[in-house]
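Chemist: Here the protein sequences line up with chains A and B, keeping their order.
Residues in the first sequence are numbered from 1372 upward in steps of one, following the numbering used here.
Residues in the second sequence are numbered from 7 upward in steps of one, following the numbering used here.
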Amino acid sequence: GQSLEQPSEVTAVEGAIVQINCTYQTSGFYGLSWYQQHDGGAPTFLSYNALDGLEETGRFSSFLSRSDSYGYLLLQELQMKDSASYFCAVRGAALIFGKGTTLSVSS
Amino acid sequence: EAGVAQSPRYKIIEKRQSVAFWCNPISGHATLYWYQQILGQGPKLLIQFQNNGVVDDSQLPKDRFSAERLKGVDSTLKIQPAKLEDSAVYLCASSSRPVLFADTGELFFGEGSRLTVL
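1) To which residues does DSSP link Val-1341/A through a beta bridge?
2) So what does DSSP say about Lys-89/B, is it helix, strand or coil?
3) Please classify Thr-208/B as buried or exposed, where buried requires at least 16 other C-beta atoms within 10 Å of its C-beta.
4) At a Cβ threshold of 8 Å, is Asp-80/B touching chain A?
5) For Trp-1405/A, which option in Gly-1399/A, Thr-1415/A, Gly-1411/A, Val-1384/A has the closest C-alpha, if you only look at C-alpha atoms?
6) Along chain B, in chain order, which residues have C-beta atoms closer than 8 Å to that of Ile-1467/A?
7) Between the C-alpha atoms of Leu-1375/A and Leu-76/B, what's the straight-line distance to the nearest angstrom?
8) Along chain A, which residues have their Cβ under 9 Å away from the Cβ of Thr-110/B?
9) Could you spell out the range, first to last residue, of the beta strand (DSSP E) harbouring Arg-120/B?
10) Anything in the stretch 1433 to 1459 of chain A with a Cβ closer than 8 Å to a Cβ of chain B? List those residues in chain order, please.
11) Once you ignore the five residues that flank Gln-1373/A on each side, which residues in its own chain have a CB closer than 8 Å to its CB?
12) Is the stretch 20 to 29 of chain B in contact with the stretch 1432 to 1446 of chain A, if contact means three or more CB pairs nearer than 8 Å?
13) As a quick exercise: from Arg-103/B, Arg-70/B, Asp-109/B, pick the residue whose alpha carbon is nearest that of Glu-91/B.
14) Span of the beta strand (DSSP E) holding Leu-1422/A?
15) Secondary structure at Asp-109/B, three-state DSSP: helix, strand or coil?
16) Of all the CB atoms in chain A, is at least one closer than 8 Å to the CB of Glu-117/B?
17) Quick one: which residues of the stretch 35 to 60 of chain B get their C-beta closer than 7 Å to a C-beta of chain A? List them in chain order.
18) Could you tell me which residues DSSP pairs with Leu-1375/A in its beta bridges?
What follows is the structure, given as structure tokens:
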């Protein structure tokens, strides 16, 4: 079967840096994606890692270690608008999502 | 470019009643997915279509859920009869190619249809 583990909640203050970890167990792994979802909104794509290493997109970076079945999303210079749920998702024949991490950013 | 459209946004029904949700994907997207998202959890794949054919419906409770995509464009998800545990947001997503063959596997989601079963 497939399983993904990520923390349920993370809190931080504006301007800080936060790392959201994701460990996974799956067969047929092709890559790890990250999605952001604001309350009542649609999940939106943030980043994708197929190979080991760090991918940087503006304030957000994502890392993957295939040998450790581990990845993380790094959010820098946090803003209030970053308060949302963040999901890691394993790409195989379909996209399988973790349960999500709720990030709360305070001033 | 118009996004994924879903309707209705909200629906409240009694248990044992039926309900249908509609999805219109991004123009030209051949692959369409229905996900179920229960409060506090991640989206769970129910069914995946490639054009008008079903690719994967292994997680669809077929005794009460059905879905179709007759002309390979818009899709309908039906629940009959509904149970209390079906209360969730039903998300439709589309992509230009199947997840397995796309560059990043990016899915484009609609805002969902929130179902409450009383």
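Virtual Cβ for every residue (Gly too), placed ideally from N, Cα, C.
Modeler: According to the structure data:
1) No statement about residue 1341/A is possible, as the shown extent of chain A runs from 1372 to 1478 and does not include it.
2) coil
3) Look at the range of chain B in this structure, 7 to 124, and you will see that residue 208/B is not part of it.
4) no
5) Thr-1415/A
6) Leu-51
7) 34 Å
8) Gly-1402, Ser-1404, Phe-1416, Ser-1418, Tyr-1419, Ala-1421, Arg-1462
9) 119 to 123
10) Phe-1458
11) Tyr-1395, Gln-1396, Thr-1397, Ser-1398, Val-1461, Gly-1463, Ile-1467
12) no
13) Arg-70/B
14) First-last for Leu-1422/A: undefined, no H or E at that position.
15) coil
16) yes
17) Gln-47, Gly-48, Pro-49, Leu-51, Gln-54
18) Tyr-1395/A
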